[in-house]
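S.K.: Under the working numbering, the first residue of the sequence shown is numbered 26, with each subsequent residue one higher.
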Amino acid sequence: MTDIADAAAGTARDGDPGGRRAVPTEEQLASWRAFLKAHATITRVLETELVAEQRLSLAAYDVLVQLAEAPGRRLRMTELADAVLLSRSGVTRLVDRLERAGLVSRSPVAGDGRGVAASLTEAGVRRLRVASRTHLAGVVRHFVDRLDGAEMAQLETIGAKLAGYSSVRG
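1) Which full runs of the beta strand (DSSP E) of 3+ residues lie inside the stretch 96-160, going along the chain?
2) Starting from D87, trace the alpha helix (DSSP H) in both directions and tell me its first and last residue.
3) Identify whether R80 lies in helix, strand or coil by the three-state DSSP scheme.
4) Which word fits A162, buried or exposed, when buried means at least 16 other C-beta atoms lie within 10 angstroms of its C-beta?
5) Can you have a look at Q91 and say buried or exposed, based on whether 16 or more other CB atoms are within 10 angstroms of its CB?
6) In terms of alpha-carbon separation, which member of H167, S56, Q79, V88 lies closest to S130?
7) In terms of alpha-carbon separation, which member of A85, A93, I67, T182 lies closest to L145?
8) Could you tell me the distance, in whole angstroms, from the CA atom of R166 to the CA atom of A63?
9) Can you tell me whether V165 is helix, strand or coil according to DSSP?
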């Protein structure tokens, strides 16, 4: 057992009427750590490449993608924050920078005195097209090329299950 597992061993079944383990097994911890390491490693290298080649952070790229895929290329700031998994203040600061760069614009939401929406500008569309080449080439190099078709399908199923999706395409 690891120190972590040892420390938690006394609570392994506490408070769980179904008798399930409250502490993961060594094998389960190894899977969890492999997942975390893979995510961190791939995200870090994609971020590094995007910044080096496009001078655009992965979070900024994600904002541009979310806006590009939204109806009318526009999202309320709260929806955008939820979509990119940033805090509202974090997305506000990021949109501030993107707005200064001319990639995004902000406007009031009609009928909502406090609502603000972000929209992708034409310059933002052009920047996203160029940045997508770098990002998607990195996704292929660091993710797609390392897995076969069956592994990709299995990972999609697992990802959807972990994210709580009710169905997987296919």
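Ideal Cβ placement from N, Cα and C applies to all residues, glycine included. None of the values given here were measured: they were computed from a predicted structure.
M.R.: Well, looking at it:
1) 99-101, 129-133, 141-145
2) Stepping through the sequence shown from its first residue, residue 87 is reached at position 62. Here the alpha helix (DSSP H) through D87 covers 83-94.
3) Within the sequence shown, residue 80 is the residue found at index 55, counting from 1. Three-state DSSP puts R80 in coil, outside helix and strand.
4) Residue numbering aside, residue 162 sits at position 137 when the sequence shown is read from its first letter. Result: exposed.
5) By one-based count along the sequence shown, residue 91 stands at place 66. Buried is the call here.
6) Indexing the sequence shown from 1 puts residue 130 at position 105. Residue V88 is the option with its Cα nearest to S130.
7) If you number the sequence shown from 1, residue 145 lands on position 120. For the residues A85, A93, I67, T182, the minimum Cα distance to L145 belongs to A93.
8) Taking the sequence shown and counting its residues from 1, the one referred to as residue 166 is at position 141. Taking the sequence shown and counting its residues from 1, the one referred to as residue 63 is at position 38. Between R166 and A63, the C-alpha separation is close to 14 Å.
9) As a first step, residue 165 must be located in the sequence shown, where it is residue number 140. Helix at V165.
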